[in-house]
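Undergrad: If you scroll down you'll find the structure; I have some questions about it.
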Amino acid sequence: MSKYNDFLREQPKTPGTKKKSNQDLTWNILTVAMLVMTLFAGAFFFSLIRNPYSSLNPFAPNTQVPPPATATWTPIGYDSTWTPTATTPPTDTSTPRPTFTLVSSPTAYKVATSTPDFTPTIASTATRTPRPTGAPYSIAVSYNESSTFRADTSCNSLFVAGQALDAKNKPVIGLFVKLGGGVPGKTIFPVLTTLTGIDKAYGQSGFEFNLKIAPVASTQSLWIQLVDQADAPLSEQFKVTTYADCKKNLILVRFQQK
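Here the sequence shown is numbered in our numbering, starting from 1 and rising by one per residue.
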């Protein structure tokens with residue numbers, strides 16, 4: 001009974017509040033720290049989402065290369081003052097072809113008179129004048145001092161020059177003039193050829209041959225001739241005499257159409 005009484009007298013022991021309060025404080029601190037770390041982690045990840053190229057990102061992606069600039073097309077327009085003008089095509093003009101009118105021939109008729117019949121007299125028919133035979137161009141030769149026509153020449157050379165004229169004394173340009181033969185000290189081979197109208201010093205249809213030798217005497221050993229572009233002769237092959245005289249170092253030839 002004594003043990004039971006002692007049990008009843010014992011005061012109930014109060015649990016230790018000090019140890020419990022220390023444990024609560026530790027958990028509170030850990031909870032706050034966890035909340036703070038969670039906030040920092042959330043802010044950190046939020047910043048990485050907004051800017052994945054941030055220096056805080058240990059696994060930052062490669063820097064994007066900006067796309068190349070796209071060329072801008074600029075239309076080209078006409079000047080403000082340009083006005084298109086319609087061009088009217090030329091109209092073909094029909095040229096009437098010449099007509100041929102027949103010449104009426106005289107018709108013999110008889111006049112009724114009281115006089116006896118008579119025999120009409122036939123009018124004389126016009127006679128065509130025949131064209132002169134031979135070459136169509138004649139040749140006239142004269143001798144001069146070359147400085148008369150060309151001040152830049154002297155007695156150091158022998159010249160054959162002249163011009164070609166038609167029947168109305170108008171210059172004829174584009175005909176060929178040939179010079180052949182030779183003189184003492186110079187043989188002309190092949191034949192020299194020039195065109196009328198090349199040397200205007202002797203007229204609009206002038207021509208010239210420079211033999212490039214001093215004047216020398218010769219008797220018809222040099223010849224000259226006028227031909228057309230088909231090499232058909234327009235004059236005879238005229239033989240020329242030369243003189244050893246400075247006053248005659250230019251042999252002036254004139255081709256004249258008949």
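Virtual Cβ for every residue (Gly too), placed ideally from N, Cα, C. All values reported here derive from a predicted model rather than from experimental measurement.
Can you tell me which residues form a DSSP beta bridge with Arg254?
TA: Position 254 of the sequence shown, counted from the start, is the residue given in the question as residue 254. Partner(s): Ala140, Gln163.
Undergrad: Considering Thr241, what are the terminal residues of the beta strand (DSSP E) in which it resides?
TA: Residue 241 sits at position 241 when you count from the first residue of the sequence shown. Unbroken beta strand (DSSP E) run through Thr241: 238–242.
Undergrad: Here's the rule: buried if 16 or more other CB atoms are within 10 angstroms of the residue's CB, otherwise exposed. What is Pro184?
TA: Looking up residue 184 in the sequence shown gives position 184. Looking at its Cβ environment, which holds fewer than 16 other Cβ atoms inside 10 Å, Pro184 is exposed.
Undergrad: Report the three-state DSSP secondary structure of Phe149 (helix, strand or coil).
TA: Against the sequence shown, residue 149 aligns to sequence position 149. Correct three-state label for Phe149: coil.
Undergrad: Could you tell me which of Gln163, Glu236, Ser147 sits nearest to Leu250, measuring between CA atoms?
TA: Taking the first residue of the sequence shown as 1, we reach residue 250 at position 250. Cα-wise, what sits closest to Leu250 is Ser147.
Undergrad: Can you tell me whether DSSP reads Gln229 as helix, strand or coil?
TA: Position 229 of the sequence shown, counted from the start, is the residue given in the question as residue 229. In this structure, Gln229 counts as coil in the three-state DSSP scheme.
Undergrad: Nearest-angstrom Cα distance between Thr187 and Lys239?
TA: Position 187 of the sequence shown, counted from the first residue, corresponds to residue 187. Position 239 of the sequence shown, counted from the first residue, corresponds to residue 239. Each residue's Cα considered, the two are about 15 Å apart.
Undergrad: Taking a contact to mean a Cβ-Cβ separation below 9 Å, would you say Ser161 touches Val227 in this structure?
TA: Start at 1 with the first residue of the sequence shown, and residue 161 comes out as number 161. Start at 1 with the first residue of the sequence shown, and residue 227 comes out as number 227. It is worth fixing the name first, because residue 161 is Ala in this sequence and not Ser. No, the pair does not count as a contact, with Cβ atoms beyond the cut-off.
Undergrad: May I ask you to verify whether the stretch 198–206 touches the stretch 218–227, counting CB pairs closer than 8 Å and requiring at least 3?
TA: With the cut-off at 8 Å, the stretch 198–206 and the stretch 218–227 do not touch.
Undergrad: Between the beta-carbon of Val177 and the beta-carbon of Phe207, is there less than 9 Å?
TA: For the purposes of this step, residue 177 is taken as the residue at position 177 of the sequence shown. For the purposes of this step, residue 207 is taken as the residue at position 207 of the sequence shown. One thing to note: Val177 has its Cβ within 9 Å of the Cβ of Phe207.
Undergrad: Please report the distance separating the alpha-carbon of Leu195 from that of Gln229.
TA: Your numbering for residue 195 matches position 195 in the sequence shown. Your numbering for residue 229 matches position 229 in the sequence shown. Looking at the two C-alpha atoms, the distance is approximately 10 Å.
Undergrad: Helix, strand or coil for Phe45 per DSSP?
TA: Counting from one through the sequence shown, the residue named residue 45 turns up at place 45. Taken through DSSP and simplified to helix, strand or coil, Phe45 comes out as helix.
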